[in-house]
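*Asks:*
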Amino acid sequence: MATQRNPYAVNRPVYSEDSFTKEHETISRERKTLVGHVKEYFSCDSKRAKSAALTLLPVVGWMRSYRIREWLLGDLVSGVSTGLVAIMQGLAFSLLAELPPIYGLYTAFFPMLTYFFFGTSRHLSVGSFPVLSLMIGAVVLRLVPEDGPSADFVAFQGLNKTEQKVLVASSVTFLMGIYQLAMGVLQVGFVVVYLSDTLVSGFTTAAAVHILVSQLKFVLGLDVGGLSGILSLIYTLEKIFSIISQTNICDLVMSIVIMVVVFIVKELNDRYRAKLPVPIPIEAIMTIIACGVSYAFDFRNRYQVTVVGKMISGFAPPTAPSVEVFQESAVESFPIAIVGFAVAFSVAKVYSIKHDYSIDGNQELIAFGISNIFGASFSSFAASTALSRTAVQESSGGKTQIAGLVSAMMAMIVTVALGFLLEPLPTSVLGALVIVNLKGMLMQFREIPYLWRRDKLECAVWVGTCLAAILLGLDLGLAVGLGVELLTVILRTQFPRCSVLANVPGTDLYRDRKDYRRMSEPKGVKIFRMPSPIYFANIEFFRDKLVEAVGFKPLRVLRKRNKALRKVQNPRQQLDPEAATNSLGNQMSTSRDPDTNVENLDRPKDVKERQCPDGGSVPNVDIHTLILDFSAVSFLDISALKGLKMVLKEFIQINVDVYIVSCDVYILEKLHSCMFFDDEIQTSIFFPTLHDAVLHALEKDGERNDQVETDSAPMLSASHRLGEAPEFDTFEFPLLRPKP
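With this note's numbering, the residue at position 312 of the sequence shown is 341, and numbering never jumps.
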């Protein structure tokens, strides 16, 4: 049963852009100059100073409205739960950064202290993130390799291998923070939009593969060392399988048990999330059990199991970063900064929408920049967030960053007083915890079939980014992914899906004639639509598609007509040479075009030819009007303006009227400023709607042929309204004009 729809009727004149502007008064808007924008940006008053202070310190805003009775208990419980997860993940992810586990506790503490004051997200759990840890570890291994001498830096003198690694990691983190802070101050938080969800998904999946391979040496108890650079993953696997027979069975069994138990409990946490007051902290529970068992049975001496070892009690004093490391890692630090911010901002955006508050991308950059600079001064490594840890903070009742502050305090307690209890912890347990937390990222492989069915270019971005990051490394892989993504954007705009539109009978609507069964094209009118910007890269594509749509090349038609005209006028030259010369000169003067001398003289397709008395042929074009729908054209550049002007002149020279409809007002202003209009191309060719142009074209053609009949001609039936179009053999349309 068809849905009953409300009809509507419109009774108005047919407008062109010129007539519409004359009839309706426009408002002149003053546009600020660049100097005006700069003055406004640097102007200051009391209201703006207060707003800037609240923007720089968001904690002031939400602390004033903090509901102690309603939120405090939830924040405390959430902070404890999140703190347990943050501690375990900090210990585990420090292995990815090629650092001792204690530095993972530093990362769970210091960055959170500053983010509490400067961050705009109320639910983000700031700390270590496996992808960033792995990227930091790649720089550490390059400058301080396991097998071989370290880089020749003055700052490395007098330091052992571990201290050199810590200096490299903290210096790279410091530089990463400088990048983020600079981008925040310069208000360029929008850069994250260039990292699409598809690209981030492919990149993080590749990072998960790298992390999985890097942790195999801990799970198997093998002394493989660390490799970095292009194809490092392949070389690492080759090295692991070459010594697989040396696997430590105790490490392997313990890792498998840990992974199975943690995986099962995590699945139960997800399934019964609504019924559990807080998620079961299974990582902390299994870590405590593993520590106890390892200490009781002396795994280190009895089974040669590698353990965490000596844990530093307390915090190290602040240290200055190395300028030499800055110089060597300047290129690698930038993608680390971008990835860290992109992941954190995307997670923060999810929870801000869920809980109905706003976040500021530029302020988030400032917050993470300060956090990483402050943390790096105390030997922590790159901080961002982890989706699993943030989910725990939100699902366990956290309402504000009080929960994050409590989790940081827990990391501080473990660092200061309880660190010695973790000394017998096997590193294989930490490796197993890292691997089991990769489930979410590895399951992103399931997106490939979905993307292939929905959007093959998006699938190419995902696969290209993932493969490049796996084979070339994460930094180069991210660059390749950005290149593939920008290439897809170019392809979408350079080769859009052009269409020829037709009328939906009985309406003023026009759709692609290939999409509907009952469509009618206005006789002698061709409507062409290109749904993309027109610029230097696709102006030739626009021209080719337009020629394909109309079925002929206007320059070929013009040359054939001129050739036939010369043949017809040859006998006249004998009778009146001066008149024939003037007539031919007038005809040829209208056909001068820089491209006419290179056009092929082949017969154009779909052009009817009329035989001349002397046997020549004159092409007869079967359309009198060409309408270009610019409703989806967002901009035109200078090259496109020149190409468009040439196309319009070609059709005008063969007596085809060209109209442009639904053109954006800013494009019209640009056309005026670029001297687009002349004696042939005038502003009267622009119409506000497609139907206005069609009605005008048919009326003009009717007047031109003097075939209008008041009872049967479509253009004279002025009483027809929307939904009341009469039936015609070739075209049905409602008329949008008042009754005469």
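In this text, a Cβ means the ideal position worked out from N, Cα and C, and glycines have one as well.
Taking the straight line between their C-alpha atoms, what separation do you get for residue 123 and residue 338?
*Replies:* In the sequence shown, residue 123 corresponds to position 94, counting from 1. In the sequence shown, residue 338 corresponds to position 309, counting from 1. Near 14 Å, if we compare the C-alpha coordinates of residue 338 and residue 123.
*Asks:* How would you label residue 239, buried or exposed, when you count the other beta carbons within 10 angstroms and need 16 or more for buried?
*Replies:* Reading the sequence shown from its first residue, position 210 is the one you call residue 239. Its Cβ being crowded by 16 or more others within 10 Å, residue 239 is buried.
*Asks:* If you follow the alpha helix (DSSP H) that residue 298 is part of, which residue opens it and which one closes it?
*Replies:* Here residue 298 refers to the residue found at position 269 when the sequence shown is read from its first residue. First-last of the alpha helix (DSSP H) with residue 298: 278-300.
*Asks:* What three-state label does DSSP hand residue 414 in the structure shown?
*Replies:* Taking the first residue of the sequence shown as 1, we reach residue 414 at position 385. The answer is strand: DSSP assigns residue 414 an E or B state.
*Asks:* Taking the alpha carbon of residue 834 as the reference point, which residue from 731, 723 and 712 has its own alpha carbon closest?
*Replies:* The requested residue 834 does not occur in the structure, where the chain is confined to residues 30 to 769.
*Asks:* I'd like the list of long-range same chain contacts for residue 386, defined as Cβ closer than 7 Å, with 5 residues on each side in sequence excluded.
*Replies:* For the purposes of this step, residue 386 is taken as residue 357 along the sequence shown, with counting starting at 1. 151.
*Asks:* Which residue comes first and which comes last in the alpha helix (DSSP H) that contains residue 111?
*Replies:* In the sequence shown, counting from the first residue as 1, residue 111 sits at position 82. Residues 97-125.
*Asks:* Look up residue 656 in the DSSP assignment and say whether it is helix, strand or coil.
*Replies:* Here residue 656 refers to the residue found at position 627 of the sequence shown. Of the three classes helix, strand and coil, the one that applies to residue 656 here is strand, per DSSP.
*Asks:* Within a Cβ cutoff of 6 Å, which residues of the same chain sit near residue 415, ignoring the five residues on either side of it in sequence?
*Replies:* As a working mapping, residue 415 is identified with position 386 in the sequence shown. Once the five neighbours on either side are set aside, the close Cβ partners of residue 415 are 158.
*Asks:* Please classify residue 357 as buried or exposed, where buried requires at least 16 other C-beta atoms within 10 Å of its C-beta.
*Replies:* Start at 1 with the first residue of the sequence shown, and residue 357 comes out as number 328. Under this definition residue 357 is a buried residue.
*Asks:* Need the endpoints of the beta strand (DSSP E) that residue 330 sits in, please.
*Replies:* Within the sequence shown, the letter at position 301 stands for residue 330. Per DSSP, residue 330 belongs to no beta strand (DSSP E); it is in the alpha helix (DSSP H), 328-331.
*Asks:* How many Å lie between residue 48 and residue 363 at the Cα?
*Replies:* To locate residue 48, count along the sequence shown from 1; it is residue 19. To locate residue 363, count along the sequence shown from 1; it is residue 334. Whole-angstrom Cα-Cα distance: 55 Å.
*Asks:* Hey, how far is the Cα of residue 681 from the Cα of residue 536?
*Replies:* Your numbering for residue 681 matches position 652 in the sequence shown. Your numbering for residue 536 matches position 507 in the sequence shown. Rounded to the nearest angstrom, the two C-alpha atoms are 29 Å apart.
*Asks:* In the stretch 676-723, which residue ranges form an unbroken beta strand (DSSP E) of at least 3 residues, counting only runs that do not cross its ends?
*Replies:* 686-690
*Asks:* Reducing DSSP to helix, strand and coil, say where residue 401 ends up.
*Replies:* Here residue 401 is taken as the residue at index 372 of the sequence shown, counted from 1. Three-state DSSP puts residue 401 in a helix.
*Asks:* Suppose the cutoff is 7 Å on Cβ atoms and the five residues either side in sequence are ignored; what does the same chain contact list for residue 709 look like?
*Replies:* Numbered from 1 along the sequence shown, position 680 holds the residue referred to as residue 709. Correct list, in chain order: 678 and 681.
*Asks:* Just to confirm the assignment, what range does the alpha helix (DSSP H) spanning residue 537 have?
*Replies:* By one-based count along the sequence shown, residue 537 stands at place 508. First-last for residue 537: undefined, no H or E at that position.
*Asks:* For residue 182 and residue 496, what's the separation of their Cα atoms in angstroms?
*Replies:* Your numbering for residue 182 matches position 153 in the sequence shown. Your numbering for residue 496 matches position 467 in the sequence shown. Cα-Cα distance, rounded: 34 Å.
*Asks:* Would residue 145 and residue 422 qualify as a contact pair, given that the criterion is a beta-carbon distance under 9 Å?
*Replies:* As a position in the sequence shown, residue 145 is number 116, starting the count at 1. As a position in the sequence shown, residue 422 is number 393, starting the count at 1. Not a contact, by the Cβ cut-off of 9 Å.
*Asks:* Per DSSP, which one or two residues make a beta bridge with residue 528?
*Replies:* As a first step, residue 528 must be located in the sequence shown, where it is residue number 499. The partner list for residue 528 (beta bridge, DSSP) reads 558.
*Asks:* Any idea if residue 304 is buried or exposed, counting beta-carbon neighbours within 10 angstroms, 16 or more meaning buried?
*Replies:* As a working mapping, residue 304 is identified with position 275 in the sequence shown. Residue 304 comes out exposed.
*Asks:* Using DSSP with H/G/I as helix, E/B as strand and the rest coil, what is residue 189?
*Replies:* By 1-based counting over the sequence shown, the position of residue 189 is 160. Note: residue 189 maps to coil in three-state DSSP.
*Asks:* Would you say the beta carbon of residue 334 is closer than 8 Å to some non-hydrogen atom of the ligand NAP?
*Replies:* Absent from the structure shown: the ligand NAP. Ligands present: none.
*Asks:* Please report the straight-line C-alpha distance between residue 94 and residue 374, rounded to a whole angstrom.
*Replies:* Start at 1 with the first residue of the sequence shown, and residue 94 comes out as number 65. Start at 1 with the first residue of the sequence shown, and residue 374 comes out as number 345. If I take the Cα positions, the gap works out to 24 Å.
*Asks:* In whole angstroms, what separates the C-alpha of residue 616 from that of residue 683?
*Replies:* Stepping through the sequence shown from its first residue, residue 616 is reached at position 587. Stepping through the sequence shown from its first residue, residue 683 is reached at position 654. Low per-residue confidence applies at residue 616: pLDDT is 44, beneath 50, and the placement is therefore not dependable enough to give any value.
*Asks:* Could you compute how far the alpha carbon of residue 199 sits from the alpha carbon of residue 101?
*Replies:* As a first step, residue 199 must be located in the sequence shown, where it is residue number 170. As a first step, residue 101 must be located in the sequence shown, where it is residue number 72. Between residue 199 and residue 101, the C-alpha separation is close to 34 Å.
*Asks:* Inspect the beta-carbon positions of residue 676 and residue 575 and report whether they are closer than 9 Å.
*Replies:* Here residue 676 refers to the residue found at position 647 of the sequence shown. Here residue 575 refers to the residue found at position 546 of the sequence shown. Their beta carbons are under 9 Å apart, which means residue 676 touches residue 575 by this criterion.
*Asks:* Going by beta-carbon coordinates alone, are residue 688 and residue 665 separated by less than 9 Å?
*Replies:* Reading the sequence shown from its first residue, position 659 is the one you call residue 688. Reading the sequence shown from its first residue, position 636 is the one you call residue 665. Between residue 688 and residue 665, the C-beta gap is not smaller than 9 Å, which leaves the two residues out of contact.
*Asks:* Can you look up residue 174 in the DSSP assignment and give me helix, strand or coil?
*Replies:* Along the sequence shown, read from residue 1 onward, the residue named residue 174 stands at position 145. In this structure, residue 174 counts as coil in the three-state DSSP scheme.
*Asks:* Go through its chain and collect everything with a Cβ distance to residue 103's Cβ below 6 Å, but skip five positions before and after it.
*Replies:* Here residue 103 corresponds to residue number 74 of the sequence shown, with the count starting at 1. Excluding positions up to five away in sequence, the list reads 426 and 428.
*Asks:* What residues are listed by DSSP as bridge partners for residue 2?
*Replies:* This structure cannot settle anything about residue 2, because the visible part of the chain is limited to 30 through 769.
*Asks:* Tell me the DSSP bridge mates of residue 311?
*Replies:* Reading the sequence shown from its first residue, position 282 is the one you call residue 311. Partner(s): none; residue 311 has no beta bridge.
*Asks:* For a test of the three-state rule: what should DSSP assign to residue 549, helix, strand or coil?
*Replies:* Working through the sequence shown from its first residue, we reach residue 549 at position 520. If DSSP states are grouped into helix, strand and coil, residue 549 belongs with the strands.
*Asks:* Give the range of the alpha helix (DSSP H) segment to which residue 140 is assigned.
*Replies:* Numbered from its first residue, the sequence shown carries residue 140 at position 111. Taken as a continuous stretch (DSSP letters only), the alpha helix (DSSP H) holding residue 140 covers 131-147.
*Asks:* Let's see if you can read the secondary structure: which residues bound the alpha helix (DSSP H) around residue 261?
*Replies:* What you label residue 261 is simply residue 232 of the sequence shown in a count that begins at 1. That run of the alpha helix (DSSP H) goes 261-271.
*Asks:* Is the beta carbon of residue 418 less than 9 Å from the beta carbon of residue 114?
*Replies:* Within the sequence shown, the letter at position 389 stands for residue 418. Within the sequence shown, the letter at position 85 stands for residue 114. Taking 9 Å as the Cβ cut-off, residue 418 and residue 114 qualify as a contacting pair.
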